[in-house]
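Enquirer:
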Amino acid sequence: MEAQKARLTNGPVGRHLVDMTLPMLLGITTMMGQSFIDAWFLGRVGDRALAAYSFGFPILMIVTSVAIGLGAGTSSVVARAIGAEDHSRAKRLVTDSLILSFLITASVCVVGILTIDPLFRVLGAPDDMLPMIRSFMIILYSGVSFVVVGMVGMSGMRATGDTRLPSKLMIAGAVLNIALDPILIFGLGPIPAMGLNGAAMAALLARGAIFTGTLYLLIHKLDMVTFRKPAFAELKKSWTDILHVGLPAAGTNAIVPVGLAVITAMIARFGPEAVAGFGVASRIESLVLVLYYALSAVIGPFVGQNLSAGKEDRIQMSLRLCAGFCISSGLVVAVLLGLLAGFLPTLFSDSDAVVSVTRSFLLIAPISYGAYGIVMVVNAAFNGLGNPMPGVIISVTRIAVLYVPLAMLGVRLYGIVGIFAAYAVANIVSGVFGYYWARSNAHRLCERSASQSMG
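The opening residue of the sequence shown carries number 33 in this note's numbering; numbering runs sequentially from there.
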């Protein structure tokens, strides 16, 4: 094993971004496909199992927000340490991030298990479903540490510039989960059918495998974990640096589902078919946006390493390339979805009302996907630069200042189409604003970093 080098501070910028994005695209797509297959299997078990799974979805989103936040904090500080050629500091940060993640998730697990019944009553679960939800959530909570610590560890890997290893872990975990699902849900030979609990056990075992593989690679292949006991001041410094980025990043990620809940309530006024149509549209959208999820996962480590190396030109180039790609690919996606707007909804529903709502969404919202991709990229870039608050401001502005108020106005003037138009406007305005803010912020931080180095 040898010390990790700052591999992203030299060589063609575009090539680095492509080489890092493609593995992440494959890994994220596989994980998303696995979640769809999970839901399909549970649908075969019965509506009650699918409903119980759906009640647990908000908890899964919260756990994911925690993981993304801690992962963003880890990736940011580790990438900057590597860019400064400080390998011992990078190892310390990765190790301390794993410890912090475990302590936080262990607390979440204990509190979560103790509050299952009252929490899910508040969420509206009927009393006769609580036993099913309780047994499912106990298994789910037991795997929270595997999920979050594994994701944080993979963020540490990405900080080195290596996205192939995290991608392989995600794919292996998804394949294992898919293989275990039918065995544990429906039973096989001596293994009894466990229904919903079987799906939870499959996820637990798959995440446990990812967790184990992540630790093994960090320790034995990448040499990114230290077993030296830190002084308390050193540990506190690491945790403070990680949470400086991690807490705002988690908050930024949590804003989206809150806004989605408000918008869904607006759409619900048009009836259950409208909600179903919006749900179908959101599912199609999640598949299309996976490319931007992958790109945003790699821009943070890139700008982080180059910030510490004092290479502003490479940061500015990466932002220009990402913006250009988002706009061009977004236009292609908008045209394709516009052409397929009449066909795609029929794959999910036979209801004319559902198909009509989905078609309307696909004719309006995709024109803003390129701008939304820019929002994702610049938010991740702000995290990589160690300055996460602009990303929070952009996300809050996009949802609370633009999307929701414009949707309230639009629904009065144009009905449900006005909501979709508000979404497009919010994305476009936020994307333009965020791009220029990111470029200005990168210039200021690079100048500050250079002056500190000279001082």
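Ideal placement from N, C-alpha and C gives every residue a C-beta, glycine not left out.
Small disclaimer: the values here were computed from a predicted structure and weren't measured.
1. What three-state label does DSSP hand L319 in the structure shown?
2. Could you tell me if G442 is buried or exposed, where buried requires 16 or more neighbouring beta carbons within 10 angstroms of its beta carbon?
3. If you compare alpha carbons, which of S383, G447, R352 is closest to A413?
4. DSSP three-state call for L417: helix, strand or coil?
5. Tell me, which residues are paired with I223 by DSSP?
6. Roughly how many angstroms separate the alpha carbons of S270 and D128, rounded to a whole number?
7. Using C-beta distances below 7 Å, list every residue in its chain close to A286, excluding the 5 sequence neighbours before and after it, in chain order.
8. I need the boundaries of the alpha helix (DSSP H) containing V181, first residue and last residue.
9. Using DSSP with H/G/I as helix, E/B as strand and the rest coil, what is T137?
10. Whose CA, out of I426, I431, G416, lies closest to the CA of T106?
11. Report the option in M56, Q348, A341, I331 whose CA atom is closest to the CA atom of S199.
12. Once DSSP output is grouped into helix, strand and coil, what is the label at G374?
13. Check this for me: beta carbons of A474 and Q348, under 9 Å apart or not?
14. Measuring CA to CA, which of T137, V335, L197 is closest to N42?
15. I think L216 touches M233, with their Cβ atoms under 8 Å apart; what is that distance to the nearest whole Å?
16. Going by other Cβ atoms of all chains shown within 10 Å of its Cβ, with 16 needed for buried, is Y85 buried or exposed?
17. Within 10 angstroms of its Cβ, does L40 collect 16 or more other Cβ (buried), or is it exposed?
18. Select from G356, G115, A99 the residue whose C-alpha is nearest the C-alpha of A341.
19. Measuring straight from C-alpha to C-alpha, what distance separates M256 and L279?
20. With three or more C-beta pairs closer than 8 Å as the rule, is the segment 394-401 touching the segment 354-369?
21. Which of the three DSSP states is assigned to P150 in this structure?
22. Taking DSSP as the reference, what is the three-state secondary structure of L155?
23. State the Cα-Cα distance for the pair K343 and V77, rounded to the nearest angstrom.
24. Below 8 Å on the Cβ atoms is my guess for I242 versus G205; work out the distance and round it to an integer in Å.
25. Can you tell me whether K268 is helix, strand or coil according to DSSP?
26. With a 10 Å radius around its C-beta and 16 neighbouring C-beta atoms as the bar for buried, classify G309 as buried or exposed.
27. Using the beta-carbon count (16 or more within 10 Å), is S328 buried or exposed?
28. Using the Cβ count rule (16 or more neighbours within 10 Å means buried), how would you classify S173?
29. To the nearest angstrom, how far is it from the Cα of Y468 to the Cα of L438?
30. Tell me which residues share the same chain as A191 and place their Cβ nearer than 6 Å to its Cβ, disregarding the 5 neighbours each side in the sequence.
31. Considering only the beta carbon of each residue, do L434 and S462 sit closer than 9 Å?
32. Cα-Cα, which of A313, V181, V330, G227 is closest to R391?
33. Do T284 and D51 come within 9 Å of each other at the CB atom, strictly closer than that value?
34. Please report how far the alpha carbon of G466 lies from the alpha carbon of T53, in whole angstroms.
35. Please work out which residues of its chain come closer than 8 Å, Cβ to Cβ, to I94, disregarding the five sequence neighbours upstream and downstream, and give them in chain order.
36. Rounded to whole angstroms, what is the Cα-Cα separation between L247 and L58?
Expert: Taking the structure as given:
1. Position 287 of the sequence shown, counting from 1, holds the residue named residue 319. The answer is helix: DSSP assigns L319 an H, G or I state.
2. Position 410 of the sequence shown, counted from the first residue, corresponds to residue 442. So G442 counts as buried.
3. Residue mapping note: residue 413 aligns to position 381 of the sequence shown, counting from 1. Taking only the C-alpha atoms, the option nearest A413 is R352.
4. Counted from its first residue, the sequence shown places residue 417 at position 385. The DSSP-derived three-state label of L417 is coil.
5. Within the sequence shown, numbered from 1, the residue matching residue 223 stands at position 191. DSSP, once it has assigned bridges, lists L220 as partnering I223.
6. Here residue 270 refers to the residue found at position 238 of the sequence shown. Here residue 128 refers to the residue found at position 96 of the sequence shown. Distance between the alpha carbons of S270 and D128: 7 Å.
7. Working through the sequence shown from its first residue, we reach residue 286 at position 254. If we look at A286 and ignore the five residues flanking it on each side, its Cβ neighbours are S97.
8. Stepping through the sequence shown from its first residue, residue 181 is reached at position 149. That run of the alpha helix (DSSP H) goes 176-191.
9. Sequence index remark: in the sequence shown, residue 137 carries index 105 (1-based). Reduced to three states, the DSSP call for T137 is helix.
10. Numbered from its first residue, the sequence shown carries residue 106 at position 74. Minimum Cα distance to T106 is reached at G416.
11. Reading the sequence shown from its first residue, position 167 is the one you call residue 199. Checking every option, the nearest Cα to that of S199 belongs to M56.
12. In the sequence shown, residue 374 corresponds to position 342, counting from 1. Looking at G374 - three-state DSSP - the assignment turns out to be coil, as it is neither helix nor strand.
13. Here residue 474 corresponds to residue number 442 of the sequence shown, with the count starting at 1. Here residue 348 corresponds to residue number 316 of the sequence shown, with the count starting at 1. For A474 and Q348, yes; Cβs fall inside 9 Å.
14. Residue 42 sits at position 10 when you count from the first residue of the sequence shown. The shortest C-alpha separation from N42 is found at V335.
15. For this step, residue 216 is matched to residue 184 along the sequence shown. For this step, residue 233 is matched to residue 201 along the sequence shown. Yes, L216 and M233 are in contact; Cβ-Cβ is about 5 Å, under 8 Å.
16. Here the question's residue 85 lines up with position 53 in the sequence shown. Under this definition Y85 is a buried residue.
17. Numbered from 1 along the sequence shown, position 8 holds the residue referred to as residue 40. By the neighbour-count rule (16 or more Cβ atoms within 10 Å), L40 is buried.
18. Looking up residue 341 in the sequence shown gives position 309. Among G356, G115, A99, the Cα nearest to that of A341 belongs to G115.
19. In the sequence shown, residue 256 corresponds to position 224, counting from 1. In the sequence shown, residue 279 corresponds to position 247, counting from 1. Roughly 23 Å separates the two Cα atoms.
20. yes
21. Along the sequence shown, read from residue 1 onward, the residue named residue 150 stands at position 118. Three-state result, P150: helix.
22. Working through the sequence shown from its first residue, we reach residue 155 at position 123. Of the three classes helix, strand and coil, the one that applies to L155 here is coil, per DSSP.
23. Position 311 of the sequence shown holds residue 343. Position 45 of the sequence shown holds residue 77. Using only the alpha carbons, I get a separation of about 55 Å.
24. Position 210 of the sequence shown, counted from the start, is the residue given in the question as residue 242. Position 173 of the sequence shown, counted from the start, is the residue given in the question as residue 205. Indeed they touch by this definition, with Cβ atoms about 4 Å apart.
25. Position 236 of the sequence shown, counted from the start, is the residue given in the question as residue 268. Here K268 sits in helix by DSSP.
26. Numbered from its first residue, the sequence shown carries residue 309 at position 277. Per the 10 Å Cβ criterion, buried.
27. Your numbering for residue 328 matches position 296 in the sequence shown. The residue in question, S328, is buried, as its Cβ has 16 or more Cβ neighbours within 10 Å.
28. Here residue 173 is taken as the residue at index 141 of the sequence shown, counted from 1. Note on residue identity: the sequence assigns Tyr, not Ser, to residue 173. So Y173 ends up on the buried side.
29. As a first step, residue 468 must be located in the sequence shown, where it is residue number 436. As a first step, residue 438 must be located in the sequence shown, where it is residue number 406. Spanning the two alpha carbons is a distance of roughly 23 Å.
30. For the purposes of this step, residue 191 is identified with residue 159 of the sequence shown, where counting begins at 1. Hits under 6 Å: S107, V110, A111, P333.
31. The sequence position of residue 434 within the sequence shown is 402, counting from 1. The sequence position of residue 462 within the sequence shown is 430, counting from 1. Going by C-beta atoms, L434 is nearer than 9 Å to S462.
32. The sequence position of residue 391 within the sequence shown is 359, counting from 1. Answer by Cα proximity: A313.
33. For the purposes of this step, residue 51 is taken as the residue at position 19 of the sequence shown. For the purposes of this step, residue 284 is taken as the residue at position 252 of the sequence shown. T284 sits away from D51, with the two beta carbons spaced by 9 Å or more.
34. To locate residue 466, count along the sequence shown from 1; it is residue 434. To locate residue 53, count along the sequence shown from 1; it is residue 21. G466 and T53: Cα-Cα distance of roughly 21 Å.
35. By 1-based counting over the sequence shown, the position of residue 94 is 62. A286, listed in sequence order.
36. Here residue 247 corresponds to residue number 215 of the sequence shown, with the count starting at 1. Here residue 58 corresponds to residue number 26 of the sequence shown, with the count starting at 1. In a straight line, the C-alpha of L247 is about 21 Å away from that of L58.
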